[in-house]
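Notes follow once the structure below has been shown.
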Amino acid sequence: MKSKMNQMFEDQKNDHVHIHVLYKYNGIENYIMQVLSYIQDGIAAGDYVILIENARLYPMIHKELSTRLTKEQMEFIHHVNSLDFYWSSGSYHPPSIADYFSKTIQPYMEKPLHLIEDLEKIVDEAVNLLSFPLICAYDRKKMPDYLKTILMETHPYVLMEDDFIVSEQYQPSNVVKKHA
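Following this note's numbering, the numbering of the sequence shown begins with 75 at its first residue and continues without gaps.
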């Protein structure tokens, strides 16, 4: 039986809609289990998976994946250190991060809260332009109300453990530019 997430990603491929999901997780154990499940589902579907993760958690995730996947399947996983990703321009600069994001996924396709808002809007545009599914994970317990509002406005879908909901607060960007 397909999970709701798998079905949504399959629909995304068929209908060319963009999927930008907010994952409000409860505890690191739940987060890691969801990451493992997402990666396994993606690889089972024949997709590459780019995991933007910190250097502390990635070895644990990699170790568990190596017990669940074949050596050939492990080649479908590409790790990007989250520190490198978010500070790719030498500072937390959303346009540079979006550029780095696009450059990082293109080969597989052919601190402050206002910066997170800018980043999430830019990433939402990039996800739409590239038709690339993306899940952004934030620790629910560490999210102030202002951040929750921003994230609900910049993500059309929300993953709550094993259930997807549509964000009624989502505000699609009017700045999306398609290249002719």
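Beta carbons are placed, not taken as given, at the ideal position from N, Cα and C, and that holds for glycine.
State the start and end residues of the unbroken alpha helix (DSSP H) segment that holds residue i.
i: LEU110; result: 102 to 118
i: LEU96; result: Per DSSP, LEU96 belongs to no alpha helix (DSSP H); it is in the beta strand (DSSP E), 94 to 99.
i: PHE159; result: 156 to 160
Taking the CB atoms as reference points, tell me whether residue i and residue j lie closer together than 9 Å.
i: LEU96; j: THR228; result: yes
i: MET148; j: SER140; result: yes
i: LEU225; j: MET217; result: yes
i: ILE117; j: ILE151; result: yes
i: ASP213; j: TYR105; result: yes
i: VAL201; j: ILE171; result: no
i: VAL154; j: ILE135; result: no
i: LEU204; j: SER247; result: no
i: ILE190; j: TYR112; result: no
Where do the ends of the beta strand (DSSP E) carrying residue i lie?
i: GLU227; result: Per DSSP, GLU227 belongs to no beta strand (DSSP E); it is in the alpha helix (DSSP H), 219 to 228.
i: LEU131; result: It is not in any beta strand (DSSP E) - LEU131 carries neither H nor E in the DSSP assignment.
Reducing DSSP to helix, strand and coil, say where residue i ends up.
i: ASP213; result: strand
i: GLU149; result: coil
i: PHE238; result: strand
i: TYR122; result: coil
i: LEU139; result: helix
i: TYR174; result: helix
Evaluate residue i with the Cβ neighbour count: other Cβ atoms within 10 Å of its Cβ, from every protein chain shown; 16 or more gives buried, anything less gives exposed.
i: ILE126; result: buried
i: ASN128; result: exposed
i: VAL240; result: exposed
i: ILE102; result: exposed
i: GLU242; result: exposed
i: PRO230; result: buried
i: ASP237; result: exposed
i: PRO168; result: buried
i: ASP192; result: buried
i: GLU146; result: exposed
i: GLN160; result: For the record, residue 160 in the displayed sequence is Tyr; it is not Gln. Under this definition TYR160 is a buried residue.
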